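Enquirer: Residue numbers (the numbering used here): 9 to 425.
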Ligand SMILES: [Zn+2]
Ligand SMILES: [Zn+2]
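1. In this structure, how does DSSP classify residue 263 when only helix, strand and coil are distinguished?
2. Provide the residue span of the beta strand (DSSP E) that contains residue 312, from first to last.
3. Taking all protein chains shown into account, do 16 or more other C-beta atoms lie within 10 angstroms of the C-beta of residue 152, making it buried, or fewer, making it exposed?
4. Which residue's Cα is closest to the Cα of residue 208: 392, 301, 259?
5. Heavy atom of ligand 2 less than 7 angstroms from the Cβ of residue 136, yes or no?
6. Quick check on the DSSP output: the beta strand (DSSP E) that includes residue 325 runs from which residue to which?
7. Comparing alpha-carbon positions, which option in 190, 186, 146, 195 lies nearest residue 174?
8. Assign residue 188 to one of three DSSP states: helix, strand, or coil.
9. Would you call residue 388 buried or exposed, if buried means 16 or more other Cβ atoms sit within 10 Å of its Cβ?
10. Please report the straight-line C-alpha distance between residue 415 and residue 180, rounded to a whole angstrom.
11. May I have the straight-line CA-CA distance separating residue 406 from residue 109, to the nearest angstrom?
12. DSSP state of residue 232, grouped into three classes?
13. Please tell me whether, using a cut-off of 7 angstroms, the distance from the CB of residue 87 to the nearest non-hydrogen atom of ligand 1 is below it.
14. Taking DSSP as the reference, what is the three-state secondary structure of residue 404?
15. Near residue 302, which residues of its chain fall below 6 angstroms by C-beta distance, leaving aside the five closest residues on each side in sequence?
16. May I ask whether a heavy atom of ligand 2 can be found less than 7 angstroms away from the beta carbon of residue 206?
17. I want to know whether the segment 187–206 touches the segment 225–245 - three or more CB-CB distances under 8 angstroms.
18. At the level of alpha carbons, what is the spacing between residue 124 and residue 117?
19. Determine the extent of the alpha helix (DSSP H) in which residue 295 is found, giving its start and end residues.
20. Could you spell out the range, first to last residue, of the alpha helix (DSSP H) harbouring residue 208?
21. Kindly list the residues whose CB is nearer than 6 angstroms to the CB of residue 168, restricted to its own chain and excluding five residues on each side of it in sequence; keep chain order.
22. Near residue 265, what residues of its chain come up, given a Cβ to Cβ distance below 8 angstroms and the 5 sequence neighbours on each side ignored?
23. Could you tell me the alpha carbon to alpha carbon distance between residue 418 and residue 399, rounded to whole angstroms?
24. Would you grab the beta carbon distance between residue 113 and residue 378 for me? Rounded to a whole angstrom, and I think it's under 8 angstroms.
25. If contacts are defined as beta-carbon pairs under 8 angstroms, then residue 327 and residue 305 qualify, I think. What distance do you get, rounded to the angstrom?
26. Excluding the 5 residues preceding and the 5 following residue 409 in the sequence, name in chain order all residues of the same chain whose CB lies nearer than 6 angstroms to its CB.
27. If residue 129 sits next to residue 137, beta carbons under 8 angstroms apart, how far is it from one beta carbon to the other, in whole angstroms?
28. First and last residue of the beta strand (DSSP E) that includes residue 4?
29. Which of helix, strand or coil does DSSP assign to residue 370?
30. What residue does the alpha helix (DSSP H) around residue 305 start on, and which one ends it?
31. For residue 100, report the span of its alpha helix (DSSP H) as first-last.
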């Protein structure tokens with residue numbers, strides 16, 4: 009019981025430390041305490057999970073969860089990335105676009121995550137697997153789950169190469185496979201057959217924590233949704249990560265009725281060229297009485313569960329405003345770069361280190377820089393380190409350091425700061 013209280017405190021600290029970019033200034037002592045305790049916490053929680061009474065023993069149909077679960081729908085602009093934390097274990101479902109790897113690395117670090125248990129790539133599209141290579145490199149997951157559909161896209165090859173580099177084989181899960189995450193678990197609900205397009209082959213993940221259920225559909229479209237409903241898959245969910253960023257290609261009325269979610273989260277970028285979320289989907293969600301949260305309007309959306317109730321970090325969106333289409337959208341497609349820069353979630357310009365970074369490695373040429381160096385790699389090729397030891401463990405050497413800033417010769421000055 010004492011242990012349990014202690015863990016609850018830690019979880020509370022974790023939550024206090026991570027309330028999205030709207031409350032970015034968590035006091036430093038809290039954060040460092042969490043980071044320091046994470047190893048002890050993992051040990052304690054694994055001891056505790058052995059003592060969870062099974063539902064049969066306790067005579068209850070719903071197992072009693074030990075602590076909180078939190079689901080972070082990270083604001084990655086156009087794309088999706090969700091971090092799930094439960095009892096000291098962490099899972100990342102999708103990683104945004106290629107250039108979001110550093111943002112995700114910083115976000116996870118802020119939550120006190122040092123290791124990921126699972127990395128899931130719903131499907132090979134760049135707005136989902138783009139940042140996963142950095143997450144795999146930095147947080148060395150035990151299990152990497154990818155959809156069956158292969159792709160030649162560079163971003164996807166980067167993920168496979170990185171999995172190979174850290175020596176973790178890629179798993180293509182089957183429908184019905186169940187994986188534990190602390191006192192929560194998730195089931196692979198789909199896809200239940202193979203499709204032509206990449207989107208429909210998205211892994212469909214149903215996460216359960218006590219009485220609360222969260223559904224993640226990647227970019228699954230109408231035909232995949234129909235097959236799930238027709239096959240009688242139990243889709244009942246409390247929180248629905250709206251398929252394909254709220255596109256009208258997805259979220260049919262029948263599918264929504266099968267889930268009957270109380271809440272829907274839409275992960276999309278402000279001013280995205282696809283016009284996500286589409287008015288049809290927003291109307292349908294409103295009609296069904298579903299409360300809507302949106303990363304394009306609200307930044308990172310975080311929900312915590314105690315197994316019975318859900319608590320959100322912000323109030324639902326009331327705008328009902330669809331993404332812009334027509335003239336603005338077609339301009340956005342041709343003027344890609346301006347559009348990207350305008351996108352919410354771009355926290356620092358290309359070639360600059362984010363706040364708090366000490367060392368910046370270039371994942372392309374293995375060159376190490378001080379974060380203050382004038383010639384940093386572009387954001388998507390950055391990997392951040394707190395110490396030289398950490399960088400060295402990842403294969404960055406003195407021989408190959410940046411000759412301009414010479415991080416290996418600045419070690420004492422840096423440590424003294
Ligand atoms: Zn997508
Ligand atoms: Zn897609």
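By construction, the Cβ of each residue, glycine as well, lies at the ideal position given by its N, Cα and C atoms.
Model, not experiment: these values are computed from the prediction.
Expert: This is what the structure gives:
1. In the three-state reduction of the DSSP assignment, residue 263 falls in the helix class, which pools H, G and I.
2. Where residue 312 is concerned, the enclosing beta strand (DSSP E) starts and stops at 309–313.
3. Buried: at least 16 other Cβ atoms inside 10 Å.
4. The option with the nearest alpha carbon to residue 208 is 259.
5. Yes.
6. No beta strand (DSSP E) holds residue 325; DSSP gives it neither H nor E.
7. Nearest option by C-alpha distance: 146.
8. When secondary structure is reduced to three states using DSSP, residue 188 falls in the strand class.
9. By the Cβ neighbour-count rule, residue 388 is buried, with 16 or more other Cβ atoms within 10 Å of its own.
10. The C-alpha of residue 180 is placed about 41 angstroms away from the C-alpha of residue 415.
11. Rounded to the nearest whole angstrom, the C-alpha separation of residue 406 and residue 109 is 25 angstroms.
12. Residue 232: helix per DSSP, three-state reduction.
13. Correct: residue 87 has its Cβ closer than 7 angstroms to ligand 1.
14. Reduced to three states, the DSSP call for residue 404 is coil.
15. So the qualifying residues of the chain are 274, 325.
16. Within the cutoff, so yes.
17. Touching, per the Cβ criterion.
18. So the alpha carbons of these two residues sit roughly 11 angstroms apart.
19. It spans 287–295 - the alpha helix (DSSP H) in which residue 295 sits, taken as one unbroken run.
20. No alpha helix (DSSP H) contains residue 208, which DSSP labels as neither H nor E.
21. Answer for residue 168: no residue qualifies.
22. Closer than 8 angstroms at Cβ, skipping near neighbours: 296.
23. For residue 418 and residue 399, the distance between alpha carbons rounds to 14 angstroms.
24. The C-beta separation of residue 113 from residue 378 comes to about 18 angstroms, leaving the pair out of contact by the 8 angstroms criterion.
25. So it is a contact: roughly 6 angstroms between Cβ atoms.
26. Take residue 409, set aside five residues on each side of it, and the residues of its chain with a beta-carbon closer than 6 angstroms to its own are 376, 415, 416, in chain order.
27. For a cut-off of 8 angstroms, the C-beta gap from residue 129 to residue 137 is around 4 angstroms, short enough to register as a contact.
28. The shown model of the chain, from 9 to 425, leaves out residue 4, and the question about it has no answer.
29. Correct three-state label for residue 370: strand.
30. Start and end: 303–306.
31. Counted as a single uninterrupted DSSP element, the stretch harbouring residue 100 is not any alpha helix (DSSP H) but the beta strand (DSSP E) occupying residues 97–101.
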